[in-house]
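Each remark here refers to the structure printed beneath this line.
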Amino acid sequence: DEKKIHVIEFWATWCGPCRDSIPHLTELQEKYKSKGVTVIGITDEPKATVERFVRRQDKKMDYTVAIEKGDTMSQAYMRAYGQTGIPATFVVDQKDRIVWVGHPKNGLDDVIDRLVNGTFLLEEEIAKEQAQIRLQQLSVEYWERLVEGRKGAETRNIGDELLSLVKDNAEVSCNIAWAVLTDDAVKFRDLDFARAAAKAAYDLTEGNHPQIIDTYALSLFESGKIDEAIKLQKKALSLARDQQEKVQFQKSLDRFEAKDGE
C-alpha cells in the first residue's frame, strides 16, 4: 500500500519464541496503527489450527494473521536474507523496500519509530552494515598477522584501516589496544597501533575513564615513554572505582616506576 509500512513476521503456533513475541507485536500495532503501520503474522499451518490458536489468544493477538499455501513465500524471504529460524521479522518501508530483518524483540521498535518519523535512511543503514562487515574482516586479518608475527607495510595498512573504523568507539578502541599490548598469543606487538587506538579512546572519554587511562599508560610505557606513562597511571589510580582496580593500577605503577629508576 502507498505510504504504508508493513511488519511481516513468519511464525508458527508451535514455536515458543513466536508465542512470546505476540503481545509485543500487538503493542506495536496499537501504537503505530494510526501512522500507517500494518503488522502481519504469516504461517503455513492448517487453517483450523491457526483459527483455534488466534481465538485463544483473544486481544493478546490483535493484528492481521495470514495463512500461506505451502511455504513458498516464507522460504523465499528467509533464504534471500539468510534467516534459518522463526520468528523472523521483515520490515517493508513506504517505498516497498525490505529495510530490516531480525527478531521482533531485537531492534524492531527503533526501526519502526524512525521510519514513522522519517529519520530512517536506508543508504546510511547499508553503509553501517557494510562497515561492520569490513570491521569484522579486518579484525580477523589483522589479528592473524599479529599472532603470526608478520610485520611490514601491509600489516600497518590493515591496522590503519581498522583504526579508522573503531576510533569513534572508545570501548572497542581500548579493548583492541589492550589485546595488542597484553595477549600472550601476539608475536608482533604493533605499538604504534596500540598507542593510537588507546589515545583515541582516551580523547573520546576526555581522559576520565580509569581503565582507558590505564590502557593508554601501558601503551606509552611499552613505547618507551615512561614519564608520560607514570603520570597517566597515577591519574588512573586516583580514579580507580574499586579495590580490585586500585591493586591492578598500583601494580602497573610500581612496574613503571621501577623501570624509570633503572
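One rule links them: number in my numbering = place in the sequence shown (from 1) + 72.
From the three backbone atoms N, C-alpha and C, an ideal C-beta is built for every residue, glycine too.
None of these values were measured; they are calculated from a predicted model.
Length at least 4, wholly inside the segment 257–308: the alpha helix (DSSP H) runs in chain order: Those alpha helix (DSSP H) runs which fall completely within the segment 257–308 and span 4+ residues are 263–276 and 282–294.
Stretch-stretch touch, CB-based, cutoff 8 Å, three pairs: the segment 86–93 with the segment 156–166: Short answer: they touch.
Spatially closest choice to D185 from D165, D232 and D130, by CA coordinates: The shortest Cα separation from D185 among D165, D232 and D130 belongs to D165.
Paired residues, beta bridge with W172 - DSSP: Under DSSP, the beta-bridge partners assigned to W172 are V163.
Beta-carbon proximity of V137 to G113, cut-off 9 Å: Yes.
Contiguous alpha helix (DSSP H) assignments of at least 4 residues, all confined to the segment 81–109: At a cut-off of 4 residues, the continuous stretches assigned as alpha helix (DSSP H) that sit fully inside the segment 81–109 are 88–104.
Inter-stretch contact (C-beta, 8 Å, three-pair minimum) for the segment 114–128 and the segment 79–86: Yes, they touch.
Bounding residues of the beta strand (DSSP E) (the contiguous stretch that carries A152): In the DSSP assignment, A152 falls outside any beta strand (DSSP E) and lies within the alpha helix (DSSP H) extending over T144 to A152.
For I77, the residue or residues it bridges with in DSSP: In the DSSP output, where bridge partners are listed per residue, I77 has V109.
Segment contact, 8 Å Cβ cut-off, at least three pairs: the segment 215–233 with the segment 241–258: Cβ pair count under 8 Å is three or more, so yes.
Within 9 Å, strictly: CB atoms of L263 and S291: Yes, they are a contact pair.
Integer-rounded CB distance, given that P282 should sit under 8 Å from R59: Since the first and last residues shown for the chain are 73 and 334, residue 59 lies out of range.
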